[in-house]
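Accompanying notes for the structure given below.
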Amino acid sequence: MPELATTLSHIVGTRYCLTRATELLAYATDALPGNRRRPRLAVMPGTRDETVAVVRALYAAGMPFVPRGAGTGLSGGALADNVVLLGLQRLRQIITIDPESRTATVEPGVVNAALSKAALPFGLHYAPDPSSQTACTIGGNLAENAGGPHCLKYGVTLNHVLAATVVLPNGEIVSLTAPSEETPAYDLLGAFVGSEGCFGVAIDITVRLTPNPEHVHTMLADFSSIDDAARATSAIIAAGILPAALELMDAATIQAVESSIYAAGYPIDAAAVLLVEVDGAADGLDDDVEAVVRICRACGARMVRSASDAIERGRLWQGRKKAFGAMGRLAPHLAVQDAVVPRSQLAPILARMAEIGTRHNVRICNVFHAGDGNLHPNIPYDAGNADESARVHAAMSEIMELCISVGGTITGEHGVGSDKLAYMERMFPGDSLDAMCRLRDAFDPERRANPGKVVPSHRCKEWHAAPGAHT
Amino acid sequence: MTRTAADLLPLRGAELCVHCGFCLQACPTYLALDDENDSPRGRIVLMKALAEGAIASNDPDARRHLDRCLGCRGCETACPSGVPYGQLLEQTRERLTTGRPLPLVARTILFVFARPRLLGMVMFGARMFRATGMPALLARVPGRLGFAMAMLASTARPQRAYPAADPDGGRGTVAILDGCVMEGLFTSINRATEHVLDVNGYLRVAAHGQRCCGALHAHAGDAALARALARANIAAFEKSGAQFVCTNSAGCGAAMKEYSQLLRDDPEWHNRAAAFGARVRDVSELLAVAGPRTAGSLPGAPTVTYDAPCHLQHGQHVTIPPLTVLAAMSQLTLIPLTDSDQCCGSAGIYNLIEPELSDQVLAPKLAHIAASGAAIVATGNPGCLMQIGAGLARSGSPATARHPVELLAEAYRKS
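So the protein lines, in turn, are chains A and B.
If you count the first sequence from 1, you need to add 541 to reach the working numbering.
If you count the second sequence from 1, you need to add 21 to reach the working numbering.
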């Protein structure tokens, strides 16, 4: 091990190869701080060449590793349990922006919002907008197939990635491109997007940039029951309107945001609010706005107000996007979930979730992409309180069971990571899990990249044959 | 919701951090060094581990990463959870200084600032040395010596005599904190401050017995001395009977507004500190309330850009008043400054004890100023005035750093 540290230090410089316990503490967690695993060492290459050299050195040493972007993930996906943490945050060069073809090629450590900022002079932006976009990286977005409020209309990361240069865990470099009608092939890029760091490391990523909409109209609808807000959500989509975003926040979330520096002017006595944005060409937009207002009112909205200018729109969105962080005001830890359910069943599912919360005496804060049916039930709690932690865990398990039982899935955008590993077996039959293992083997036969994540290792047949199987 | 375990944490406020990472891009040292140990949430991990005893207080890695924090508090403005980062840092540095002497430069400065007569002599010596023209000549010498000389040279101003204004005092009574560096090196800015307050209807009263605000001591971890200085100031300004305590130094203002935090465990002084803090105003706040009275244009109608001092923007949340002050001057072209909310790397005496990193943080600031094309950078804090002033001079830029108030006083004088 000291030998490997020396080799890695030679590649990246001593400052960027951390081996001492104190300095590894900060890398023991992602944005889900209840889960901590200390890496054996952390290495942070500064260039693409250094990254390739690091991966090759790790291959030569037979050492498993975990790629990490900004550590803003919410599924414990970037935890490195006594293996090497490969930090990509230094690779933050925007290599090219091509306004003609509306594409950009970036290094994996480029911050999501930084790309949109750089594209702004060309009237373009990068559409997938996870709430952590001011901090998270494009590489991390690629690994998690990240979503965001505006993915309702514009699609998730997968729909915006055109190509990637990938270092496979054995050090080989491959170019993955989205197949087109002219060059039909298996969609290996599609397989790579969302592989949660288990298939290799992307060192450059080409993404699609989206023209900024001509007009944007943002509305805040205020409901005295969460049930009404859920029904309004279904009704808006059922009416054939495709909003750019359709987000729901409940009373607990509203109160946390309103007491923060990101206070957006949400009504603090509301049981729920819907943040609805429609965009596009001026023609027809007014009809959509009018329809959204009418539907919300018909479903019982007390009031629907519109952002009067870009500043107010920005405030309404900042409140929504920082809501997760604002929940730190309620308790020192936060259990974050991410499940997708059929949108038509939102109202009954929210009611049953509330019942689960009451029964386990935990406080569920809902803030989620209602238009996608992508739930984020969050439970603020104190991990130091064993009884409370147990109740939170029991409530979350029941909620996930509920989502699976109505035909939903266990993650919409946060990934499986380590946090949701246990749900995979409830979600998929053994053959499916084994098929996933075999897909992984095509990229990483030794299973050294992000070991132990996504698919429970005991579900992989022939697992014991793999050298990286100790985790 | 119970929060028993968190209540036991000896680091008050740390439990608010949920490690979301929204602070990362707001941190100048994270952007410069790319290591989470040099980021707000990474440092909070270290602070918690120190407080819990999981790492020893003499751990060199923990100390290095915590020492490297500028204390700019840009992370507080980015934090949705309201983590009181500045207070966590001061609590931690207090913990760390027990048993470890500060660097000699820091110790010397803190020693001098806490002793009024010695401070007076040192400042007099500095002014004499500045008058020889030597600092200006040595300002381009490479390295720290040259930078220190450039900082001193940047404080030089022609002495102005202001016509006596006849204040009606209708806006209330004000006692001004003289400030160590302000009265010592930026004397003319203090005179300008008096003049603009007079013109805008404030009645000045003296606060005898006032001392250094103690901000530098608190930031460095010498909380005991910071508290002693705070008590002396609270007593002195109480005795003055003034409605408002005015300062033209953002760092001093942030510290004084938060005296009640510093003295939170002192039952005798805590409430007095809170009452005192509620009366503290940055000079731009007092002027903005008063209008301020409009002025003619500055000579040459220069283009001006504004750089927000961290302890005004992040520490006091005072963002609009300095712009209101600048807008009072006719024909003043105000150019926006990219990343004006980012630290300039001055951070009290940080630029003297962490010179390399300070330079790294200053570099993008100078680039943005150059790109703005402004002739004057307005900023309301002595540290920032010297840091940016020295940086501009050493990079050969014709631009200068000025306090908004001295610009306003100059415009009043000309009109």
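Note that the Cβ used here is the ideal one computed from N, Cα and C, for glycine as well.
Note that the structure is a prediction, hence the values are computed from the model and not measured.
(Q) Beta-carbon within less than 7 Å of residue 434 of chain B's beta-carbon, same chain only, minus the 5 sequence neighbours each way: which residues are those? (A) 181, 183
(message) Comparing C-alpha positions only, which one of B:347, B:348, B:388, B:411 sits nearest to residue 373 of chain B?
(response) B:411
Which chain B residues sit within Cβ distance under 7 Å of residue 676 of chain A? 42, 43, 45, 46
message: Against chain A, does residue 74 of chain B count as a neighbour if the rule is that its beta carbon must be under 9 Å from one of theirs?
response: no
Margin query: My output table needs one value for residue 43 of chain B: the three-state DSSP class, helix, strand or coil.
Written below: coil
Going by the DSSP bridge assignment, what does residue 842 of chain A pair with across the sheet? A:764
Self-check item: Pairwise C-alpha distance: residue 228 of chain B and residue 260 of chain B
Solution: 7 Å
**Q.** Expected contact under 8 Å - CB spacing of residue 705 of chain A and residue 745 of chain A to nearest Å
**A.** Yes, they are in contact, since the Cβ atoms of residue 705 of chain A and residue 745 of chain A sit about 7 Å apart, within 8 Å.
| field | Beta-carbon contacts of residue 134 of chain B that lie in its chain and below 7 Å, excluding the five residues immediately before and after | value | 140, 201, 233, 237
Residue 57 of chain B burial status per 10 Å Cβ neighbour count (16 or more: buried):
buried
Problem - Members of the segment 99-117 of chain B near chain A, C-beta cut-off 9 Å - result: 99, 100, 101, 102, 103, 104
| message | With a threshold of 9 Å between beta carbons, is residue 897 of chain A in contact with chain B? | response | no
Next item on the list: Tell me whether residue 953 of chain A is buried or exposed, calling it buried when 16 or more other Cβ atoms sit within 10 Å of its Cβ.
Entry: buried
_I'd like to check one pair, residue 113 of chain B with residue 68 of chain B: are the Cβ atoms closer than 9 Å?_
Yes, these two residues count as a Cβ contact at 9 Å.
| Three-state class that DSSP yields for residue 604 of chain A in the structure shown | Residue state for residue 604 of chain A is assigned as coil, using DSSP reduced to three classes.
Report task. Report the partner residues of residue 877 of chain A according to the DSSP bridge assignment. Result -> Residue 877 of chain A pairs with A:919.
### Query
Using a Cβ-Cβ cut-off of 6 Å (strictly less than) and excluding sequence neighbours within five positions of residue 548 of chain A, which residues of its own chain qualify?
598
Notebook entry, point to check: Got a sec: is the Cβ-Cβ distance from residue 86 of chain B to anything in chain A below 9 Å?
Noted result: Cβ-Cβ to chain A under 9 Å: yes for residue 86 of chain B.
* To do: Kindly list the residues whose CB is nearer than 6 Å to the CB of residue 594 of chain A, restricted to its own chain and excluding five residues on each side of it in sequence; keep chain order.
  => Excluding residues within five positions, the ones whose Cβ falls inside 6 Å are 552.
Requested in this report: Would you kindly report the start and end of the unbroken alpha helix (DSSP H) that includes residue 686 of chain A?
Outcome: Looking at the DSSP string, residue 686 of chain A is not in any alpha helix (DSSP H), and its letter there is neither H nor E.
### Query
Whose CA, out of A:698, A:728, A:751, A:764, lies closest to the CA of residue 735 of chain A?
A:698
Q) Is DSSP giving residue 907 of chain A helix, strand or coil here? A) strand
Between which two residues does the beta strand (DSSP E) containing residue 706 of chain A stretch? 702-708
Report the option in A:998, A:1000, A:1001, A:992 whose CA atom is closest to the CA atom of residue 605 of chain A.
A:992
- Message: Please state whether the Cβ-Cβ distance between residue 629 of chain A and residue 608 of chain A is less than 9 Å.
- Response: Cβ distance < 9 Å, so residue 629 of chain A and residue 608 of chain A count as in contact.
Open item on the list: Please list the terminal residues of the continuous alpha helix (DSSP H) segment that includes residue 261 of chain B.
Closed with: 244-261
Residues near residue 379 of chain B by beta carbon distance below 7 Å, same chain, minus five either side
366, 371, 372
Determine, using beta carbons only, whether residue 78 of chain B comes closer than 9 Å to chain A. no
- Query: Does the segment 41-50 of chain B come close enough to the segment 663-679 of chain A to have 3 or more Cβ pairs within less than 8 Å?
  - Reply: Pairwise C-beta distances place the segment 41-50 of chain B in contact with the segment 663-679 of chain A, as three or more of them are shorter than 8 Å.
Spatial neighbours of residue 90 of chain B in its chain, beta-carbon cut-off 7 Å, leaving aside the 5 residues before and after
50, 64, 110
Is it buried or exposed for residue 796 of chain A, if we count other Cβ within 10 angstroms and need 16 for buried?
buried
Where does residue 386 of chain B land, buried or exposed, given buried means 16+ other C-beta within 10 angstroms?
-> buried
> In terms of alpha-carbon separation, which member of B:312, B:274, B:302, B:253 lies closest to residue 290 of chain B?
Replying inline: B:253
**Asked** Interface residues of chain B around residue 844 of chain A at Cβ under 8 Å?
**Response** Residues of chain B passing the Cβ test: none, with the nearest at roughly 25 Å.
Where does residue 715 of chain A land, buried or exposed, given buried means 16+ other C-beta within 10 angstroms? exposed
| Pair within 9 Å by beta-carbon distance, residue 614 of chain A and residue 955 of chain A | yes
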